[in-house]
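Read the structure below first, then the notes.
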Amino acid sequence: MNVTSDPAYEDALRQYVSNNDVHHILTKYNVTLKELIDLCGGIQPGTTGFRMEIHTSSEADVIHARIFSDSYDLVRSIDFESKVIFNYFMYVRNQKMGIGTNLLITQVKAARKHCFTKFKTIASAADEEDNISKAGYYCWGRLGYVMRADEEYDFNNWLQRWNRHEKTLFELLSSDDGREVWRRYGYTWNGVFLLDDNTESMNNLKKYLESKGRKTLFEPGSGQVESK
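Each residue of the sequence shown is one higher than the one before, starting from 1 at the first, in the numbering used here.
Next comes the structure, spelled out in structure tokens:
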């Protein structure tokens with residue numbers, strides 16, 4: 001699929017989307033299908049086999065979205081009232097192409113445009129029963145997610161146990177030996193990405209992208225500040 005700004009693009013999207021927004025949340029918040037897809041991570045260049053399912057409930061202004069493609073699958077719950085996006089699941093079939101990073105960048109830009117305050121996720125590590133690779137515990141810490149405040153005590157104990165002197169997971173993952181020890185002995189954690197300007201999340205994401213030689217422009221955010 002080619003992503004375009006042509007006005008006909010919105011109509012073209014409908015054939016790929018099963019829209020069960022029976023409570024008309026998209027209309028209430030004046031959000032197009034293209035904008036909703038971007039709030040999930042967008043359609044990345046070269047993506048094929050794209051399809052999307054949308055569901056809502058009468059209890060809150062939340063859209064539950066599932067995206068499937070030949071490159072990646074996503075599950076999101078987007079709370080338009082509280083301005084929080086829950087990133088429940090992401091599976092990228094080829095993890096060496098930067099697709100996960102690009103999905104996050106697209107989502108960050110869209111969420112800031114629509115005045116969302118934060119993302120939440122479970123940064124999962126694989127266990128013995130898993131039959132798929134889980135890298136969230138490692139990747140999200142490099143890309144701006146920070147540990148929930150109530151988990152920092154356990155993380156500090158982990159740092160002491162491994163004789164590490166870093167203060168944050170991002171700092172740990174900024175060195176070769178830090179990345180290696182976390183890759184081998186890290187664990188699942190609850191992540192928060194705060195979207196306002198100059199938050200730890202935004203600053204860490206920018207630092208990571210700069211370390212990869214990428215210059216990404218993020219337009220000024222909503223001006224709202226949320227705690228972890």
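We treat Cβ as the ideally placed atom computed from N, Cα and C, and that holds for glycine.
(message) Spatial neighbours of Asp61 within its chain, please: C-beta separation below 6 angstroms, excluding the five flanking residues on both sides.
(response) Ile25, Phe80 and Glu81
(message) Can you tell me whether Met147 is helix, strand or coil according to DSSP?
(response) strand
(request) Using DSSP bridges, identify the partner residues of Val17. (result) Met52
(message) Nearest by alpha-carbon distance to Asn204: which of Lys118, Ser174 and His23 is it?
(response) Ser174
(request) Below 8 angstroms on the Cβ atoms is my guess for Tyr72 versus Leu143; work out the distance and round it to an integer in Å. (result) Tyr72 to Leu143, Cβ: 15 angstroms. No contact.
(request) Please determine, among Arg93, Val84, Ser58 and Ile85, the residue with the shortest C-alpha to C-alpha distance to Phe68. (result) Arg93
(request) With DSSP collapsed to three states, give me the class of Asp73. (result) strand
(request) Can you grab the Cα-Cα spacing for the pair Asn163 / Asp127, in whole Å? (result) 24 angstroms
(message) Is the beta carbon of Thr168 closer than 8 angstroms to that of Ala123?
(response) no
(request) In angstroms with no decimal places, state the Cα-to-Cα distance between Arg112 and Gly100. (result) 18 angstroms
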